[in-house]
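Quick note on the numbering used here: the sequence shown kicks off at 5 and runs consecutively.
Beta carbons: idealized from backbone N, C-alpha and C, even for Gly.
In this text the structure is predicted, and so the values were computed from the model without any measurement.
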Amino acid sequence: MSPAERVQLEAYRAVAEATEIGGATVIQVPAGPETPMLNRVVGLGIDRPATEDDVDAALATIRSGVTFYVAVASRAQPAELPSWLEARGLEPGWGWMSFGRSPDHPPAVETSLRLVRAETREDAAAFARIQRIAYELPEALEPVIALAPERGWEVWLALDGAEPAGAGGLFVFDGVCYLGFGATLPEHRGKGAQGALLAHRIRRAGELGCNLVTTETGERRGDRPSNSYRNILRAGFAEGAVTANWLGRSSPETRATGSDLLV
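Laid out in structure tokens, this is it:
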């Protein structure tokens with residue numbers, strides 16, 4: 005697993021349940037069973053070629069009634085892995101593009117918003133509320149997301165006056181910084197929140213001694229918005245590789261196996 009992949013995995017392990025099985029990591033957040041970006045199988049076929057038994061073991065770990073992704077990196081082995089997932093009822097979902105850049109020379113961004121680090125319980129709650137609204141997540145996820153500052157994430161808010169308008173987080177592991185949880189409330193979009201938060205977190209990565217800053221967003225597709233993609237490129241990131249996300253739903257009656265996955 006590359007340093008960028010490792011920091012992303014550790015960032016989400018911090019706020020989710022994680023199970024190592026079948027050469028992969030199964031990440032689950034019980035409070036958000038309909039949210040595949042928080043319920044994922046990652047690393048399959050990376051450190052060693054996957055087998056069909058590995059696939060079945062990972063899928064069997066997923067709770068019943070959960071919508072999930074199985075992430076398949078571009079270099080995952082064997083080449084038959086996508087066909088194994090398709091045979092088990094999964095279908096191609098929205099892939100994620102990875103990005104990377106040095107923390108040196110962060111972009112200069114002007115905004116009327118004020119950036120502050122989330123350090124109180126009220127700040128953490130505001131951060132979680134922004135995530136929930138921006139990504140249309142269930143309310144039950146707010147207390148889970150609000151734990152991020154206590155579990156290794158640095159969290160920042162963009163304020164319009166005294167009102168939280170946007171948010172972003174960073175997580176550092178082994179000298180690599182991952183930028184995640186970038187979100188802006190709909191009524192505050194267009195004010196430069198994400199550009200300012202990206203620039204600030206890149207600068208902060210340098211202060212923390214990181215040698216690489218990485219992030220990700222949905223791949224470019226004609227039927228998908230690309231504001232986040234454009235903001236990331238403007239912040240000086242270079243495109244990496246697309247990780248395919250295979251979408252599935254575990255049976256509501258029993259834990260998933262190869263024969264009882266439903267899409």
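What would DSSP say about residue i, mapped onto helix, strand or coil?
i	result
glutamine 198	helix
alanine 260	Low local confidence applies: a pLDDT of 38 at alanine 260 is under 50, so the model's placement there is unreliable, with the coordinate-based value given in what follows. Correct three-state label for alanine 260: coil.
glycine 97	coil
phenylalanine 103	strand
aspartate 51	coil
serine 254	strand
phenylalanine 241	coil
arginine 118	strand
alanine 35	coil
glycine 210	helix
tryptophan 88	helix
proline 1	Nothing about residue 1 can be read from this structure; the chain reaches only from 5 to 267.
arginine 44	strand
alanine 152	helix
valine 74	strand
tyrosine 16	helix
If we call anything under 9 Å between Cβ atoms a contact, is residue i one with residue j?
i	j	result
valine 45	valine 74	yes
phenylalanine 27	glycine 49	Checking the sequence shown, residue 27 turns out to be glycine, not phenylalanine. Their beta carbons are under 9 Å apart, which means glycine 27 touches glycine 49 by this criterion.
alanine 171	alanine 122	yes
alanine 248	proline 96	yes
threonine 71	glycine 252	yes
arginine 136	glutamate 143	yes
threonine 65	isoleucine 25	yes
glycine 99	glycine 222	yes
Within the same chain, show all residues whose beta-carbon is closer than 8 Å to that of residue i, passing over the 5 residues directly before and after it, in chain order.
i	result
leucine 119	Trp160, Leu161, Ala162, Leu163, Ala200, Leu201 and His204
methionine 5	Leu13, Gly47, Ile50 and Asp51
arginine 224	Met101, Ser230 and Tyr233
leucine 145	Val33, Ala35, Gly36, Thr39, Leu42, Ala132, Gln135 and Arg136
proline 111	Gly199, Leu202, Ala203, Ile206, Arg238, Ala239 and Gly240
alanine 130	Ala122, Leu161, Pro168 and Ala171
proline 82	Gly49, Pro53 and Ala54
Beta-carbon within less than 7 Å of residue i's beta-carbon, same chain only, minus the 5 sequence neighbours each way: which residues are those?
i	result
phenylalanine 103	Thr218, Thr219, Glu220, Ile236, Phe241, Ala242, Glu243 and Gly244
threonine 169	Note that residue 169 corresponds to alanine in the displayed sequence, not to threonine. The answer, listed in chain order, is Leu117, Ala162, Leu163, Thr188, Leu189, His192, Lys195 and Ala197.
tryptophan 88	Glu56 and Val59
valine 113	Gly196, Gly199, Ala200 and Ala203
Within 10 Å of its beta-carbon, does residue i have 16 or more other beta-carbons around it, so buried, or fewer, so exposed?
i	result
alanine 166	exposed
asparagine 231	exposed
leucine 63	buried
histidine 192	buried
threonine 124	exposed
glycine 36	buried
proline 153	buried
arginine 155	exposed
alanine 15	buried
arginine 79	exposed
leucine 141	buried
glutamate 211	exposed
To the nearest whole angstrom, what separates the beta carbons of residue i and residue j, a pair I think is in contact under 8 Å?
i	j	result
glutamate 158	glycine 173	6 Å
valine 19	valine 148	6 Å
arginine 92	valine 59	7 Å
In chain order, what residues of the same chain lie with their CB nearer than 6 Å to the CB of residue i, ignoring the 5 residues before and after it?
i	result
cysteine 181	Leu174, Ala209, Cys214 and Val217
glutamate 21	Gln32
glutamate 90	none
alanine 150	Ala128, Ala129 and Ala132
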